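Protein chains in written order, with this note's numbering: chain A, 1164 to 1516; chain B, 1164 to 1516. See structure below.
Number of protein chains: 2
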Amino acid sequence: MSSDGISHAELGLATRNAGMPLEALQWPVTPLGLHYLLIHYDIPAVDPNAFRLLIDGTVGTPRSLSLAELKLRPEVRMPITFECAGNGRALMEPRPVSQPWLVEAVGTGEWTGTPLRPLLEEAGLEPGTAEVAFTGLDRGVEGGVEQDYARSLPVSDALGDDVLLAWGLNGGPLPPQHGAPLRLVVPGWYGMTNVKWLTRITALAEPFTGYQNATGYRLYGEDGVPGEPVTRMRPRSLLRPPGIPDFMTRARRLAAGPVLLEGRAWSGTGAVTRVEVSTDGGASWADAKLGEAGGRWAWRGWSFEWAPGPGDYELCSRATDETGATQGGEPDWNAKGYANNAVQRVPVTVVQP
Amino acid sequence: MSSDGISHAELGLATRNAGMPLEALQWPVTPLGLHYLLIHYDIPAVDPNAFRLLIDGTVGTPRSLSLAELKLRPEVRMPITFECAGNGRALMEPRPVSQPWLVEAVGTGEWTGTPLRPLLEEAGLEPGTAEVAFTGLDRGVEGGVEQDYARSLPVSDALGDDVLLAWGLNGGPLPPQHGAPLRLVVPGWYGMTNVKWLTRITALAEPFTGYQNATGYRLYGEDGVPGEPVTRMRPRSLLRPPGIPDFMTRARRLAAGPVLLEGRAWSGTGAVTRVEVSTDGGASWADAKLGEAGGRWAWRGWSFEWAPGPGDYELCSRATDETGATQGGEPDWNAKGYANNAVQRVPVTVVQP
Chain A
1164 MSSDGISHAE
1174 LGLATRNAGM
1184 PLEALQWPVT
1194 PLGLHYLLIH
1204 YDIPAVDPNA
1214 FRLLIDGTVG
1224 TPRSLSLAEL
1234 KLRPEVRMPI
1244 TFECAGNGRA
1254 LMEPRPVSQP
1264 WLVEAVGTGE
1274 WTGTPLRPLL
1284 EEAGLEPGTA
1294 EVAFTGLDRG
1304 VEGGVEQDYA
1314 RSLPVSDALG
1324 DDVLLAWGLN
1334 GGPLPPQHGA
1344 PLRLVVPGWY
1354 GMTNVKWLTR
1364 ITALAEPFTG
1374 YQNATGYRLY
1384 GEDGVPGEPV
1394 TRMRPRSLLR
1404 PPGIPDFMTR
1414 ARRLAAGPVL
1424 LEGRAWSGTG
1434 AVTRVEVSTD
1444 GGASWADAKL
1454 GEAGGRWAWR
1464 GWSFEWAPGP
1474 GDYELCSRAT
1484 DETGATQGGE
1494 PDWNAKGYAN
1504 NAVQRVPVTV
1514 VQP
Chain B
1164 MSSDGISHAE
1174 LGLATRNAGM
1184 PLEALQWPVT
1194 PLGLHYLLIH
1204 YDIPAVDPNA
1214 FRLLIDGTVG
1224 TPRSLSLAEL
1234 KLRPEVRMPI
1244 TFECAGNGRA
1254 LMEPRPVSQP
1264 WLVEAVGTGE
1274 WTGTPLRPLL
1284 EEAGLEPGTA
1294 EVAFTGLDRG
1304 VEGGVEQDYA
1314 RSLPVSDALG
1324 DDVLLAWGLN
1334 GGPLPPQHGA
1344 PLRLVVPGWY
1354 GMTNVKWLTR
1364 ITALAEPFTG
1374 YQNATGYRLY
1384 GEDGVPGEPV
1394 TRMRPRSLLR
1404 PPGIPDFMTR
1414 ARRLAAGPVL
1424 LEGRAWSGTG
1434 AVTRVEVSTD
1444 GGASWADAKL
1454 GEAGGRWAWR
1464 GWSFEWAPGP
1474 GDYELCSRAT
1484 DETGATQGGE
1494 PDWNAKGYAN
1504 NAVQRVPVTV
1514 VQP
């Protein structure tokens, strides 16, 4: 944890792991190359012709499938919003030291793949199967442990309706950095769940003890005790900063007069039912107009008519979902910096046109 | 300038502006979404159907062209390596404060477009035309000056053989973040020359005095006096880090035994004719094997057989071009942090397999 400037190691991560520039909120589906990327280790070189997906563990019929066999199965395509569990980490104080995200670790892709559940049913999960672990082809060292990236789901979540094995993005093939040739996609969950370069699915009678479940993605307190695992995305809203930016500070300059503020909102715990906007840093709020939802698992557009006079403003937006979950003004601090859904703050200077 | 940790403003830039993860050196043409991005202001929303390119200034016949008219012209396609002029800035000491690049601000695209020279010839450059200025649709504030992004070329460079107006990348349409619908591409020059969202080409009798020429992209000394403008890419080589990374530090762990080190090298001042490798931090050097050049303006692959025993090593590579220009061990410091082509340093710990 740190209250100081960003270290060179953190900068190294920020340089590799791309955020989504906020003006990309203009698109309901994020154009390829603007979706956020968090790559734990290296992007592996995978030969799609030699690729196999293994399904094993507590199953009646272990299987090994080629990519061609997978692509013969029923195909679905849907827009799904992803957000990194560490989004907002660098806005926590003291700052947990890891990939130093501000608010840009988000994006919506149109994913193409086949539902996972029928594959698990065909393999025949044994009674007493508790979890399903998913392992990628990417290997590295994390917390001192050399490992292939792997994370599990409770079996009920692995059997969820819209869990996909995906081979396509935005109408084209899956790019290497998004997990080609095959990626697990679990709508509504934070990004670490969507295991890239997926090569093995293992049914387990006991909870998975791999690093990313037992040590990595958990809500730690100050005492260093691993708390609850990170699971579904909390409700969140982002605003496309209006006006024009200063190159260095990204501070916004906007001409006085009518302007339509726009943004998008999402939640993994329920459909977004309300978005509010504040132009005074959260002192007062007014309802935004909700747009059509792009599907159950995609962010929802919203807009808000504003007509400021000259002066300094701080814009915020706040999403609420059907469960009543909403966003607070300050981060819920935890030692590894996960699941921060505090409202975004966009200072704007309005000038005479 | 700073010797301290990276500031929040610098982090904001690092979050928006994506570097190329170094394992992407495995591809001769960088996959879409892995090429570096430096976006000065915001990515503008451009309607390609309403788009016009204006050619004006000291020309006999000013012109206004639609995208459809441009696409009827002769089409060329070639791989071209781009590098940001600020690549390596964050490795200078004291550190110039701006987009804090380490070494990842590079990429090679296969660009599709039409040569610029015939368009300028048809417009009829008047005798005495000194420069040609190129203006984009992106607007922002920089150094206190509100501006559309614009930069000029001396007329002889604007008339260069391989200068393109590009509408395609890697066999597909030009993505928004790379300048859709139209981008200037000037092979061999640092990236700031390749004006994105290009909408105006203006022939000038006098040198262009816009911000990016007069103030921005110049080699400043400690005295704050603008020096020479930044122009062509200096020779540079990058090595794909071998082994596997630590998540946080990106430090490499490699099994002892034979390994093929690979990388790519480029130069805007002449064809790359030699690449050397050091495994001891630059104390001694040996020649790498050069691969085929991917074209005059694309980086050239190279490889080096290595068989280390256990221990700690620092890998470096060094490119030399046909003019004899090469890379030094330390950055040529300048106040804005441009054109740093000091050799990359990749610490590797080799362990018993």
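Positions of the beta carbon are idealized from the N, C-alpha and C atoms, including for glycine. These figures come from a predicted structure and were not determined experimentally.
List the whole-angstrom C-beta distance separating residue i from residue j, where the pair is believed to meet the contact cut-off of C-beta under 8 Å.
{"i": "S1466 of chain B", "j": "A1451 of chain B", "result": "6 Å"}
{"i": "R1416 of chain B", "j": "I1407 of chain A", "result": "At roughly 46 Å, the Cβ-Cβ gap does not stay under 8 Å, so R1416 of chain B and I1407 of chain A are not in contact."}
{"i": "G1354 of chain A", "j": "A1248 of chain A", "result": "6 Å"}
{"i": "S1400 of chain B", "j": "R1280 of chain B", "result": "That belief does not hold up - the Cβ atoms of S1400 of chain B and R1280 of chain B are roughly 31 Å apart, past 8 Å."}
{"i": "E1425 of chain B", "j": "R1403 of chain B", "result": "5 Å"}
{"i": "G1431 of chain A", "j": "W1352 of chain A", "result": "6 Å"}
{"i": "G1458 of chain A", "j": "M1241 of chain A", "result": "5 Å"}
{"i": "E1305 of chain A", "j": "G1379 of chain A", "result": "7 Å"}
{"i": "P1278 of chain B", "j": "L1327 of chain B", "result": "6 Å"}
Quick check: is the beta carbon of residue i nearer than 8 Å to any beta carbon in chain A?
{"i": "F1214 of chain B", "result": "no"}
{"i": "T1362 of chain B", "result": "no"}
{"i": "Q1515 of chain B", "result": "no"}
{"i": "L1265 of chain B", "result": "yes"}
{"i": "Y1383 of chain B", "result": "no"}
{"i": "P1389 of chain B", "result": "no"}
{"i": "M1411 of chain B", "result": "yes"}
{"i": "A1482 of chain B", "result": "no"}
{"i": "E1477 of chain B", "result": "no"}
{"i": "A1488 of chain B", "result": "no"}
Let me make sure I understand the geometry here. Which of the options has the alpha-carbon closest to that of residue i?
{"i": "G1454 of chain A", "options": "A:V1349, A:A1434, A:G1291, A:G1342", "result": "A:A1434"}
{"i": "F1410 of chain A", "options": "B:L1176, B:V1269, B:G1276, B:D1167", "result": "B:L1176"}
{"i": "G1387 of chain B", "options": "B:K1499, B:G1196, B:F1371, B:H1341", "result": "B:K1499"}
{"i": "A1369 of chain A", "options": "A:E1284, A:L1316, A:M1396, A:R1508", "result": "Looking at the sequence shown, residue 1369 of chain A is not Ala but Glu. Out of A:E1284, A:L1316, A:M1396, A:R1508, A:L1316 has the C-alpha closest to the C-alpha of E1369 of chain A."}
{"i": "P1350 of chain B", "options": "B:D1475, B:G1373, B:D1324", "result": "B:D1324"}
{"i": "P1494 of chain B", "options": "B:G1251, B:N1212, B:H1203, B:N1180", "result": "B:G1251"}
{"i": "A1518 of chain B", "options": "B:P1259, B:V1348, B:Y1199", "result": "No statement about residue 1518 of chain B is possible, as the shown extent of chain B runs from 1164 to 1516 and does not include it."}
{"i": "N1503 of chain B", "options": "B:V1239, B:L1254, B:P1211", "result": "B:L1254"}
{"i": "G1390 of chain A", "options": "A:V1513, A:W1190, A:Y1501", "result": "A:Y1501"}
{"i": "P1191 of chain A", "options": "A:C1479, A:A1505, A:R1463", "result": "A:R1463"}
{"i": "V1438 of chain A", "options": "A:G1445, A:R1427, A:W1274", "result": "A:R1427"}
{"i": "G1299 of chain A", "options": "A:W1274, A:A1231, A:V1209", "result": "A:V1209"}
What does residue i touch in chain A if you count any residue whose Cβ is under 9 Å from its own?
{"i": "V1209 of chain B", "result": "The contacting residues do not exist; V1209 of chain B stays about 11 Å from chain A at best."}
{"i": "A1253 of chain B", "result": "H1171, L1174, T1178"}
If I measure Cβ to Cβ from residue i and keep anything under 8 Å in the same chain, skipping five residues before and after, which residues do I get?
{"i": "A1286 of chain B", "result": "I1218, V1222, G1223, T1224, P1225, R1226, A1366"}
{"i": "G1194 of chain B", "result": "Note on identity: in this sequence residue 1194 of chain B is Pro, with Gly being the wrong assignment. Cβ neighbours of P1194 of chain B beyond the five flanking positions: A1187, N1333."}
Leaving out five residues before and five after residue i in sequence, what residues of the same chain have Cβ atoms less than 6 Å from its Cβ?
{"i": "A1321 of chain B", "result": "V1295"}
{"i": "I1169 of chain B", "result": "P1263"}
{"i": "G1220 of chain B", "result": "T1365, A1366, L1367"}
{"i": "L1347 of chain A", "result": "F1297, N1357, V1358, L1361"}
{"i": "T1421 of chain B", "result": "Residue identity check: residue 1421 of chain B is Pro in the sequence provided, not Thr. A1470, listed in sequence order."}
Can we count residue i as close to the ligand PLP, meaning its CB is less than 7 Å from some heavy atom?
{"i": "T1432 of chain B", "result": "Ligands displayed in this structure: none; no statement on the ligand PLP is therefore possible."}
Should residue i be flagged as near chain B, meaning a C-beta pair shorter than 8 Å?
{"i": "I1243 of chain A", "result": "no"}
{"i": "G1303 of chain A", "result": "yes"}
{"i": "A1449 of chain A", "result": "no"}
Identify the contact partners of residue i in chain B, using a Cβ-Cβ distance below 7 Å as the criterion.
{"i": "G1182 of chain A", "result": "T1178, R1179"}
{"i": "L1195 of chain A", "result": "L1195, G1196, P1338"}
{"i": "G1168 of chain A", "result": "D1167, G1168, I1169, S1170"}
{"i": "E1186 of chain A", "result": "D1205, I1206"}
{"i": "R1416 of chain A", "result": "V1304"}
Starting from the beta carbon of residue i, find every residue of chain B whose beta carbon is closer than 9 Å, and list them in chain order.
{"i": "F1467 of chain A", "result": "By Cβ distance, chain B contributes nothing, its closest Cβ being about 18 Å from F1467 of chain A, past 9 Å."}
{"i": "S1261 of chain A", "result": "F1410, M1411"}
Find the residues of chain B that neighbour residue i, judging by a C-beta separation of less than 8 Å, and give them in chain order.
{"i": "I1407 of chain A", "result": "Y1204, D1205, R1302, G1303, V1304, E1309"}
Counting only Cβ pairs nearer than 8 Å, list the residues of chain A close to residue i.
{"i": "Q1189 of chain B", "result": "A1208"}
Output needed for residue i: all residues of its chain with C-beta closer than 7 Å, excluding positions within five of it in sequence on either side, in chain order.
{"i": "S1447 of chain B", "result": "S1441"}
{"i": "N1376 of chain A", "result": "R1314, S1315, P1392"}
{"i": "Q1340 of chain B", "result": "L1200, I1202, I1206"}
{"i": "T1436 of chain B", "result": "T1483, D1484, E1485"}
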